[in-house]
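**Student:**
Numbering (the numbering used here), first residue to last: 72 to 570.
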């Protein structure tokens, strides 16, 4: 009986193999289309998974760029991906063809970690009316609550004072600055979204930041595998094993949102972005076309809270690392701060125009740190032509921002920290076209103005009060980052000596 069962399974196995091969060939037909970008030959069912290093994707793409040029293709399982490199190709893809390339690919795993099936948010939302409505709301609300005006600047400067006090508590002893930087930046976002700040010793605050940090350390490879094979999502408990922190983070943000909602009074002026959104939800009741709903509220808040915090705090961590590695640059920043601001008052955004070297240093930190080297994936919403290649509707697009920020034809010393990249011969600040840390086009980072304000005020305040150095007896830390979607500095400590 066992032999008969085995014999019966043979034709079934052959049929399944043939079916999978046909499915693979059907998905691979795009590679045979005329004028489709070249790329490495994909393996059946796996695509180019085994040919890419998910622990260092920028390096993998750099090697493929050398073989296939500025526009090439790869395949992740059955998902076709086109990668753009260099300023010309990137700008054409994001700006000139932005109407066709601003969609986002579906992310099946997000629903399982608490994002919900109907939610849009801002960062990962599909391109369309709902996204436009939410982006307009987020930009206008940030402006209403003081972006570019005095009120939000005051929040940042007051938080910078708290941050400096926390640095001073270490009394010149070695410490890692990362947690304190995250707390300070997180409090700015919390002021905007929740109208409050957390004490640095608050246990909820520590839990929140711990979960954010844990999400950064989750395996990019495993996330990609689950998204490419969504049938795996039906395995009980798998998502919690692959993304344990992401679900817990959404749950905690939901708790904060519920607590905040209890204090909301629709008759009063909005205290923050959450109140403003709740007001829009009330106005939209009975309108099924509106994107103002409870599902989207949690997503917009989560997008601003997490994306807005992580990128800025990591950039500040890079800034302090580069100051202890380049004491000559730090001394020049100190000198400019002393000349323009002095020690008697807090830095203001109005000072930036008179501080070209400090401004150049901050921009060079962003360029050299290169913390989002591959941006956020896009997707074509229709067949489109870019750089002479025909790219079908539904193709995932990846933009290699690192290839622009470290382009050897655009920067004098692309792989070295060199603030003079942003200074002209007379020492005036200039911003080259190849400076794209916030991406470009319709999906460029909506928090760019806030991030620029935070970077200038936090960095300048810290350098106004402290001299930073490598702790005595410790080896000089590395300036090579660690890639896991974002590029973070290798772990380091510093000493902050009062000036």
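Where is the CB? At the ideal position from N, CA and C, for every residue including glycine.
(1) How big is the Cα-Cα spacing for residue 457 and residue 107?
(2) Are the CB atoms of residue 145 and residue 111 nearer to each other than 8 angstroms?
(3) Could you tell me the alpha carbon to alpha carbon distance between residue 395 and residue 538, rounded to whole angstroms?
(4) Can you tell me the Cα-Cα spacing of residue 231 and residue 408, whole angstroms?
(5) Considering just the uninterrupted stretch of the beta strand (DSSP E) at residue 468, what are its terminal residues?
(6) Would you mind stating whether residue 545 and residue 248 have Cβ atoms separated by less than 8 angstroms?
(7) Which residue's Cα is closest to the Cα of residue 424: 567, 411, 241, 436?
(8) Residue 270: buried (16+ other C-beta within 10 angstroms of its C-beta) or exposed?
(9) What separation, rounded to the nearest whole angstrom, lies between the Cα atoms of residue 464 and residue 442?
(10) Between which two residues does the alpha helix (DSSP H) carrying residue 160 extend?
(11) So, at 7 angstroms on beta carbons, what are the nonlocal neighbours of residue 164 in its own chain, with the 5 sequence-adjacent residues on each side left out?
(12) I need the straight-line Cα distance from residue 57 to residue 198, nearest angstrom please.
(13) DSSP three-state call for residue 450: helix, strand or coil?
(14) Out of curiosity, what's the CA-to-CA distance linking residue 138 and residue 330?
(15) So, is residue 414 buried or exposed, given that buried needs 16 or more other C-beta atoms within 10 angstroms?
(16) Return the bridge partner residues of residue 457 from the DSSP annotation.
(17) According to the neighbour-count rule (16 or more other Cβ atoms, all chains shown, within 10 Å of its Cβ), is residue 552 buried or exposed?
(18) Closest to residue 466 by CA distance: which of 151, 113, 143, 141 is it?
(19) In whole angstroms, give me the CA-to-CA distance for residue 209 and residue 134.
(20) Below 7 angstroms, is the gap between the Cβ of residue 442 and the nearest heavy atom of the ligand COA?
(21) Looking at the structure shown, is residue 541 part of a helix, part of a strand, or coil, going by DSSP?
(22) Please work out which residues of its chain come closer than 7 angstroms, Cβ to Cβ, to residue 169, disregarding the five sequence neighbours upstream and downstream, and give them in chain order.
(23) Terminal residues of the continuous alpha helix (DSSP H) containing residue 516?
(24) Counting only the same chain and skipping the five closest in sequence on each side, list residues whose C-beta sits under 7 angstroms from that of residue 560.
(25) Once DSSP output is grouped into helix, strand and coil, what is the label at residue 75?
(26) Using the beta-carbon count (16 or more within 10 Å), is residue 18 buried or exposed?
(27) What's the C-alpha gap between residue 75 and residue 448?
(28) Between the alpha carbons of residue 122 and residue 300, how many angstroms are there, rounded?
(29) Give the DSSP bridge partners of residue 566, in chain order.
(30) Could you pull out every residue in the same chain whose Cβ sits closer than 7 angstroms to the Cβ of residue 436, ignoring the five residues on either side in sequence?
(31) Answer with buried or exposed for residue 302, where buried requires no fewer than 16 other C-beta atoms within 10 angstroms of its C-beta.
(32) Does the beta-carbon of residue 477 have 16 or more other beta-carbons within 10 angstroms, so that it is buried, or is it exposed?
(33) Quick check on the burial criterion: 16 or more other C-beta atoms within 10 angstroms. Buried or exposed for residue 526?
(34) Taking Cβ positions only, does residue 167 come closer than 8 angstroms to chain C?
(35) With C-beta atoms as the reference, is residue 524 less than 8 angstroms away from residue 227?
(36) Under three-state DSSP, which class holds residue 150?
**Tutor:** Let me lay it out:
(1) 10 angstroms
(2) yes
(3) 9 angstroms
(4) 16 angstroms
(5) 467-470
(6) no
(7) 411
(8) exposed
(9) 29 angstroms
(10) 158-162
(11) 155, 172, 457, 468, 470
(12) Residue 57 is absent from the structure shown; the chain starts at 72 and stops at 570.
(13) strand
(14) 54 angstroms
(15) exposed
(16) 460
(17) buried
(18) 151
(19) 38 angstroms
(20) You won't find the ligand COA in this model; it holds no ligand whatsoever.
(21) coil
(22) 512, 513
(23) No alpha helix (DSSP H) holds residue 516; DSSP gives it neither H nor E.
(24) 388, 389, 392, 552
(25) Summary for residue 75: the model assigns pLDDT 45, below 50, so the residue's position carries little reliability; its value from the coordinates is reported in the next sentence. If DSSP states are grouped into helix, strand and coil, residue 75 belongs with the helices.
(26) Residue 18 lies beyond the residue range present for the chain, which begins at 72 and ends at 570; the question has no answer from this structure.
(27) Confidence in residue 75 is poor, its pLDDT being 45 and thus under 50, which makes the residue's placement unreliable; the coordinate value appears in the next sentence. One C-alpha to the other measures close to 50 angstroms.
(28) 18 angstroms
(29) 540
(30) 386, 389, 390, 393
(31) exposed
(32) buried
(33) buried
(34) Of the chains in the structure shown, none is chain C; there is only one protein chain.
(35) yes
(36) strand
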